[in-house]
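**Q** Structure in structure tokens, see below.
In this note's numbering, the protein residues as written are 238 to 356.
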């Protein structure tokens with residue numbers, strides 16, 4: 238009986254490890270609605286956007302997260318999107334529904350720049 242329980246425990250451990258190591262599909266269904274949910278993340282830290290340039294397909298939601306200790310903004314140079322001042326851990330998202338190149342900057346620190354390329 239002890240050997241059987243040990244084997245069951247080993248199988249459960251292998252299944253758990255496999256599940257944790259399997260990559261999550263970025264095209265997974267959003268809340269079971271049958272639509273592909275595309276997303277990309279940009280980190281704001283140390284007075285920079287990272288990555289500075291991101292290429293995404295049409296329909297992608299890009300989320301910026303301020304991980305810096307001071308406020309920053311995300312403002313497109315052509316006025317398409319504009320965040321409020323983001324404090325530490327605040328987030329801003331925008332859905333890119335049209336192809337093109339979208340340059341942006343921090344209005345508080347204009348030397349901070351980035352670019353979203355939508356294909």
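Just so you know, even glycine gets a beta-carbon here, dropped at the ideal spot from N, CA and C. A quick note: this is a predicted structure, and the numbers were derived from the prediction, not measured.
In angstroms, rounded to a whole number, what distance separates the CA positions of residue 279 and residue 343?
**A** Locating residue 279 in the chain shown gives position 42, where the first residue counts as 1. Locating residue 343 in the chain shown gives position 106, where the first residue counts as 1. Taking the straight line joining both Cα atoms gives about 13 angstroms.
**Q** Compute the beta-carbon to beta-carbon distance between residue 299 and residue 330, rounded to the nearest angstrom, for a pair I have assumed lies under 8 angstroms.
**A** Your numbering for residue 299 matches position 62 in the chain shown. Your numbering for residue 330 matches position 93 in the chain shown. About 7 angstroms separates the two Cβ atoms, so the contact holds.
**Q** List the endpoints of the continuous beta strand (DSSP E) containing residue 362.
**A** Residue 362 lies beyond the stretch modelled for the chain, which goes from 238 to 356, so this question has no answer here.
**Q** Quick test of your reading: residue 320 and residue 339, contact by CB under 8 angstroms. State the CB separation rounded to the nearest angstrom.
**A** To locate residue 320, count along the chain shown from 1; it is residue 83. To locate residue 339, count along the chain shown from 1; it is residue 102. 13 angstroms between Cβ atoms; not a contact.
**Q** Which partner residues does residue 354 have in the DSSP bridge list?
**A** Here residue 354 corresponds to residue number 117 of the chain shown, with the count starting at 1. Answer is 292, 338.
**Q** If you draw a straight line from the C-alpha of residue 350 to the C-alpha of residue 285, how long is it?
**A** As a first step, residue 350 is located in the chain shown; it is residue number 113 there, counting from the start. As a first step, residue 285 is located in the chain shown; it is residue number 48 there, counting from the start. A straight-line Cα-Cα distance of about 7 angstroms links residue 350 and residue 285.
**Q** In whole angstroms, what separates the C-alpha of residue 308 from that of residue 328?
**A** For the purposes of this step, residue 308 is identified with residue 71 of the chain shown, where counting begins at 1. For the purposes of this step, residue 328 is identified with residue 91 of the chain shown, where counting begins at 1. Distance between the alpha carbons of residue 308 and residue 328 is about 11 angstroms.
**Q** State the DSSP-derived secondary structure class of residue 313, mapped to helix, strand or coil.
**A** Counted from its first residue, the chain shown places residue 313 at position 76. Three-state result, residue 313: strand.
**Q** So, at 7 angstroms on beta carbons, what are the nonlocal neighbours of residue 282 in its own chain, with the 5 sequence-adjacent residues on each side left out?
**A** As a working note, residue 282 is residue 45 in the chain shown. In its chain, beyond the 5 residues on either side, 304, 305 have a beta carbon closer than 7 angstroms to the beta carbon of residue 282.
**Q** With distance defined between alpha-carbon atoms, name the residue in 318, 345, 277, 333 nearest to residue 302.
**A** The sequence position of residue 302 within the chain shown is 65, counting from 1. For the residues 318, 345, 277, 333, the minimum Cα distance to residue 302 belongs to 277.
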